[in-house]
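Encoded as structure tokens, the structure appears first; notes follow it.
In UniProt numbering, the protein residues as written are 1 to 685.
Following this line, the structure appears as structure tokens:
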């Protein structure tokens, strides 16, 4: 966090001129707003009042500086797909022949940042994209509305985010629905847990119908938590809205009593001695403290690595592992809307479990779209928070300059409720607690939607039509102002993101034994990266962050709007992919085309369901699907906001839902958990 505390009114001061490179300051100095270059305290005044009507202050905010006028160029060519035994053999050769490894590193495009070295000379490397809002818009705890029913408190979720546009046939059960039924006695957390467990267990014969989405479930721990919650409701003292709500977490999170494998065959469980006895991740602790019932570990792409890089101007060998969600080690959950497609990854199990209705929300993580891609493919909501906003404490972040933890949910109310629980930071975090209520939005401020037209147009025609129609209606009916914007070096930026995330991962995962073939290749690439090329990537990170800061100075509160992915889903073209894995650079590029920017620059971003497309092999494939189209594939609209703007993104998400909510539908394999839980209660089991 090498930027000084930001005062926009002083943005043109000598300290922030492009010619000057301020000295790196310590974390202590940054936290206390001290400017070493001047030996005085800096101010931290912000002026982004258009969206919220109040002053926001930031720590380590990038100095606004317009980047070069570089037109977007998409000159990539098609590349071969590797799967099956060919992929396994390629990984073996790559791992043990250094000359081949270096050649592939160069051909994969990692050295291409050297071509813009001159343009990056004036920029210091920025290794950490964390930007901290130091003045959250907080409301009193009294704002957490409660009322009495049956002699106990009823907690109320965000009324502003209640869905009214989604038709009843497509409506999911929300956190509020579960809470209200628990309070009334219509349901109990124990009955809900007992209804879900047979569907997700791997240790039964046959395994549960939806067990591919789960790596592990401890029945004893689940029932103990559910029964404790049931007792609290009977006694009239639930812990809050979250008490008894069924949820689960991606296999990147540590939970007491569970093993952490990161989707691999290895054991990466944290050492209890190094974490004070409990290994539970901070987010898991907050969920358990709130009374949620955690139903175990959800499946994921091995290590969550999904990456594509390619030399941008000529045909070369592509090396990638993919964002499909495929896991040859434990099995792959298939897309709930079409089993001939992947769920997307790497938070594949999280998106699947929410999409089929088993859970109203669950936890994922996102280093290169791993929350937003599967959310788009499974037609649910996914929030990638501001970098470092959600803690990884006490365990490590396996890609600590790109990856974040975050929520996936079936509806915006549930998404917001989960975000506020896990957004309570540990003592080690520089972040303030997330407001207990959605931040207020001024009705008088201009609401900008920034559309990077050349980049946007990389999506398929049907996706563009669905997304553009939503944007047009937002402007017509919800008073948004659409502005064209340009972001420089988008092709090079995606390469810089790849260089960074793979190098980050390689430093934390040095042992490649028992790994799948694609990840042996990727981690090898990370170890092959010279320090000079890594620093070039970090220089480009600063350039992009400063340009984005400049855009927000021009258009305060702007949300950058693109499709979530440029393709409609990811078809399974060969069953060998499920056994050995797959390396398909072209398809990964299509999934990550718009995704990477938020990870690399630390911005928050949200996926909102936006419609469906006709699947491959069907009549009118690739066109917009209607309500009766079989096997239709979901697509998403993504909003990317300024650092710390998660609440505004969720408000925007509701506006999008009000525009396109009638397009939404449940998958054919949706499970009515409430009906099953009522059957459990009637049976007395």
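Backbone N, C-alpha and C define an ideal beta-carbon position, used for all residues, glycine too.
Just so it is clear, the structure is predicted and the values come from calculations on it, not from any experiment.
With respect to residue 455, residue 72 sits close: the two C-beta atoms are nearer than 7 Å. Between the segment 640-647 and the segment 588-608 there are three or more inter-stretch CB-CB distances shorter than 8 Å, so the stretches are counted as touching.
Within the model, the alpha-carbon separation for residue 254 versus residue 284 is close to 8 Å.
Residue 484: not part of any alpha helix (DSSP H); member of the beta strand (DSSP E) spanning 480-484, first to last residue. Contact check for residue 202 and residue 257: beta-carbon distance about 16 Å, past the 8 Å limit, so the pair fails to qualify. Note on the segment 577-665: whole beta strand (DSSP E) runs with a minimum of 3 residues are 605-613, 633-640, in chain order. DSSP places residue 352 inside the alpha helix (DSSP H), whose first and last residues are 348-355.
Between the alpha carbons of residue 368 and residue 182 lies a distance of about 38 Å. For residue 107, the uninterrupted alpha helix (DSSP H) segment begins and ends at 98-107. DSSP, reduced to helix, strand and coil, places residue 431 outside both helices and strands of the structure shown, so it counts as coil. With fewer than 16 neighbouring CB atoms inside 10 Å of its own CB, residue 675 falls in the exposed class. In the structure shown, the three-state DSSP call for residue 391 is coil.
The segment 514-522 makes no contact with the segment 478-489; the number of CB pairs closer than 8 Å stays below 3.
For residue 399, the number of other beta carbons within 10 angstroms of its own is at least 16, and it is reported as buried.
Within the segment 147-196, complete alpha helix (DSSP H) segments of at least 4 residues are found at 175-184, given in chain order. Taken atom to atom, the span from the alpha-carbon of residue 282 to that of residue 375 is near 23 Å.
When the alpha-carbon of residue 252 is set against those of 242, 240, 266, the nearest one is in 266. Relative to residue 131, the option among 680, 430, 502, 511 whose CA is nearest is 430. Per DSSP, reduced to three states, the secondary structure at residue 422 is helical. Counting other Cβ atoms within 10 Å of its Cβ, residue 158 reaches 16 or more and is therefore classed as buried.
Taken through DSSP and simplified to helix, strand or coil, residue 292 comes out as coil. Residue 123 counts as buried, since no fewer than 16 other beta carbons sit within 10 angstroms of its beta carbon. Minimum Cα-Cα distance from residue 295 among the listed residues 349, 305, 262 corresponds to 349. The beta carbons of residue 336 and residue 667 sit closer together than 7 Å.
Residue 509 counts as buried, since no fewer than 16 other beta carbons sit within 10 angstroms of its beta carbon. Take the alpha-carbon of residue 557 and the one of residue 652: they are about 11 Å apart. The continuous beta strand (DSSP E) containing residue 364 extends over residues 361-366.
The continuous stretches of beta strand (DSSP E) do not include residue 377, which lies in the alpha helix (DSSP H) extending over residues 372-377.
Comparing alpha carbon positions, the residue from 578, 226, 101 closest to residue 524 is 101. Distance from the CA atom of residue 527 to the CA atom of residue 425, rounded to whole angstroms, is 33 Å.
Boundaries of the beta strand (DSSP E) around residue 408: 404-409. Rounded to the nearest angstrom, the gap between the Cα atoms of residue 683 and residue 194 is 12 Å. Residue range 214-216 is occupied by the beta strand (DSSP E) that includes residue 215. Membership of residue 341 in any beta strand (DSSP E) is not indicated, and neither H nor E is assigned to it by DSSP. The segment 496-504 makes contact with the segment 401-414: 3 or more CB pairs, one atom from each, lie closer than 8 Å. The Cβ atoms of residue 290 and residue 421 sit closer than 7 Å to each other.
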